[in-house]
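J.:
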Amino acid sequence: MQKSLAPSSNTSFLQRFGKVLLPVAVVYVLLMAGQPAGLEPGRLLREIISDPTILVQQLITGLANAAIITIIAIGYTMVYGIVEMVNFAHSSVFMLGTMVALLFMVALSGGQATPLWLALLAFIPAMLFCGVLNSVIERMAYRSLRSQPKIVSMIAAMGMDFILQNIGMQIGAFGKLPNAFPKDQSIAWLRVLGNQNPSPKSFPQVLPNINLLESIFGPDVVLRITPAEVVVILSAVILVYGLSWFVANTRPGKAMRAVAQNPAAAAMMGIDVNKIINLTYAIGGALAGAAAVMYGLYKGTTSWDVGFVNGLYSFTAAVVGGIGNIAGAALGALMIGVISALSNQLLASTDWSKAIVFLVLVLVLVFKPTGILGSEGGEKA
């Protein structure tokens with residue numbers, strides 16, 4: 001009698017057990033390997049039990065980081081939702097956006113402390129620049145490759161990413177941005193251009209580094225919330241709400257949804273598919289520009305490689321949440337931001353925090369390859 005090729009119940013049990021055992025083993029190895037570097041399993045839990053404000057404070061920090069990651073991640077997920085392509089150049093578009101925002105603020109402030117209204121005004125040139133840049137990249141580099149295998153478009157996107165990174169490096173090296181920009185004295189614009197150092201560039205002072213809760217409730221308050229954290233979180237909420245309204249209620253937004261569901265049917269309905277795809281890239285780029293200003297206000301510096309880590313975090317957030325899903329990108333960003341903040345508190349140094357973030361990515365994909373909010377019928381991440 002011919003043996004059945006279907007797996008037995010014992011085999012299925014072993015497969016399920018192995019799926020659980022593998023991540024546990026990976027976590028155990030990382031914990032043991034991290035002990036010499038200062039990783040102390042259980043220390044964070046003991047600290048949180050003894051002082052719950054530690055958890056709340058890290059959640060606040062995580063929310064601020066997640067706000068920036070969310071806006072970048074939505075750019076990834078929008079493009080993937082339309083053309084099922086990962087635009088690896090998106091992170092470098094964000095990087096160039098930080099430089100445009102910095103140049104704008106320096107040019108108009110003359111090197112003195114920048115007022116908040118001027119910093120918020122920097123959203124306009126940064127979003128316009130990044131939106132137009134992303135649109136041009138789609139038109140010149142990606143459109144003709146859309147009918148080719150996905151690996152071709154992926155390689156083109158990686159090549160474009162390297163090109164933009166090198167442009168950012170040259171901008172820094174040839175002194176188009178201020179290095180260690182003084183926050184308490186003026187500096188001539190020509191002196192800014194004369195700097196030849198490609199090291200990280202500092203944004204002018206915009207928001208005071210004070211504890212808003214202490215200003216409101218007095219010096220006995222334990223938690224700390226800075227004006228930069230409030231501005232960044234509010235900006236993210238406004239941008240996400242505005243984008244959701246645009247997609248749900250406007251003709252271009254509805255056309256984007258139609259193209260994402262079925263490009264051929266959308267074309268038969270009279271929708272210009274190429275135009276809608278280009279618009280999607282432009283919106284994603286504009287969001288990268290907005291995130292660039294938020295990053296500058298919160299972190300205070302930029303450099304030619306600033307897009308690399310933020311791009312990885314944002315892409316990870318999009319995949320964890322379910323790439324192609326805007327709500328999933330926001331959820332993934334929240335997870336990444338909070339986990340990163342908690343891991344920084346857990347570890348003696350921040351060297352392992354990135355490994356923990358990407359470990360979360362592996363664990364999510366092991367148990368749910370489509371991401372947390374990804375459709376089971378859709379393509380696996």
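All residue numbers for the sequence shown refer to the working numbering, where the first residue is 1 and numbers rise by one. In this text, a Cβ means the ideal position worked out from N, Cα and C, and glycines have one as well.
Grouping DSSP H, G and I as helix and E and B as strand, with all else coil, what is Lys354?
T.: Lys354 falls in the helix class under three-state DSSP.
J.: With a Cβ-Cβ cutoff of 9 Å, do Leu75 and Ile323 count as a contact?
T.: It should be pointed out that residue 75 corresponds to Gly in this sequence rather than to Leu. Not in contact: Gly75 and Ile323 (Cβ atoms no closer than 9 Å).
J.: Counting Cβ pairs closer than 8 Å, one from the stretch 250-257 and one from the stretch 86-105, do we hit at least three?
T.: Contact fails: fewer than three Cβ-Cβ distances are below 8 Å.
J.: Counting C-beta neighbours from all protein chains within 10 Å, is the total for Ser215 16 or more, i.e. buried, or is it exposed?
T.: With fewer than 16 Cβ atoms within 10 Å of its Cβ, Ser215 is classed as exposed.
J.: If you drop the 5 nearest sequence neighbours on each side, which residues of the same chain put their C-beta closer than 7 Å to that of Thr61?
T.: Cβ neighbours of Thr61 beyond the five flanking positions: Ala341.
J.: Just to confirm the assignment, what range does the alpha helix (DSSP H) spanning Glu229 have?
T.: Note, Glu229: alpha helix (DSSP H), Pro227 to Asn249.
J.: So the alpha helix (DSSP H) Trp117 belongs to, where does it begin and stop?
T.: Unbroken alpha helix (DSSP H) run through Trp117: Leu116 to Leu121.
J.: Check whether the Cβ atoms of Gly307 and Gly131 sit closer than 9 Å, and answer yes or no.
T.: Going by C-beta atoms, Gly307 is not nearer than 9 Å to Gly131.
J.: Under three-state DSSP, which class holds Thr370?
T.: Three-state result, Thr370: coil.
J.: Go ahead and pull the three-state DSSP assignment for Arg16.
T.: Interpretation of Arg16 is limited by its pLDDT of 48, a score under 50 that renders its predicted location unreliable; the figure taken from the coordinates is listed afterwards. If DSSP states are grouped into helix, strand and coil, Arg16 belongs with the helices.
J.: Here's a check: name, in chain order, each residue in its chain whose Cβ is nearer than 8 Å to the Cβ of Val232, leaving out the five neighbours to either side.
T.: Result list for Val232: Ala64, Ala67, Ile68, Met294, Leu297 and Tyr298, in chain order.
J.: For the ligand FAD, I want to know if Lys275 counts as a neighbour, meaning its beta carbon is within less than 8 Å of at least one of the ligand's heavy atoms.
T.: You won't find the ligand FAD in this model; it holds no ligand whatsoever.
J.: State the Cα-Cα distance for the pair Ile283 and Pro208, rounded to the nearest angstrom.
T.: Taking the straight line from one Cα to the other gives about 31 Å.
J.: Output needed for Val364: all residues of its chain with C-beta closer than 6 Å, excluding positions within five of it in sequence on either side, in chain order.
T.: Closer than 6 Å at the Cβ level, and outside the excluded window around Val364, lie Val320.
J.: Kindly confirm or deny that the stretch 270-281 and the stretch 138-145 touch, where touching means at least three C-beta pairs closer than 8 Å.
T.: Yes, they touch.
J.: On the premise that Ala333 lies in contact with Thr77, defined as a C-beta separation below 8 Å, what is that separation, rounded to the nearest angstrom?
T.: With a Cβ gap of about 10 Å, Thr77 and Ala333 do not count as contacting.
J.: With 16 other CB atoms within 10 Å as the buried threshold, where does Pro204 fall?
T.: Result: buried.
J.: Can you tell me whether Asp161 is buried or exposed, with buried defined as 16 or more other CB within 10 angstroms of its CB?
T.: Asp161 is buried by the Cβ-count criterion.
J.: DSSP on Ile74, reduced to helix/strand/coil?
T.: Note: Ile74 maps to helix in three-state DSSP.
J.: What is the DSSP secondary structure of Ser202, reduced to helix, strand or coil?
T.: If DSSP states are grouped into helix, strand and coil, Ser202 belongs with the strands.
J.: Report, in whole angstroms, the separation of the C-beta atoms of Phe94 and Ile72, which I expect to be a contact under 8 Å.
T.: Phe94 to Ile72, Cβ: 6 Å. Contact.
J.: Cα-Cα, which of Gly300, Ala292 and Thr302 is closest to Ser314?
T.: It is Ala292 whose Cα lies nearest to the Cα of Ser314.
J.: So the alpha helix (DSSP H) Pro263 belongs to, where does it begin and stop?
T.: Taken as a continuous stretch (DSSP letters only), the alpha helix (DSSP H) holding Pro263 covers Pro263 to Met268.
J.: Kindly list the residues whose CB is nearer than 6 Å to the CB of Asp272, restricted to its own chain and excluding five residues on each side of it in sequence; keep chain order.
T.: There are no such residues.
J.: Considering only C-alpha positions, which residue in the set Ile225, Val221 and Ser202 is nearest to Leu212?
T.: For Leu212, the nearest C-alpha among the options comes from Ile225.
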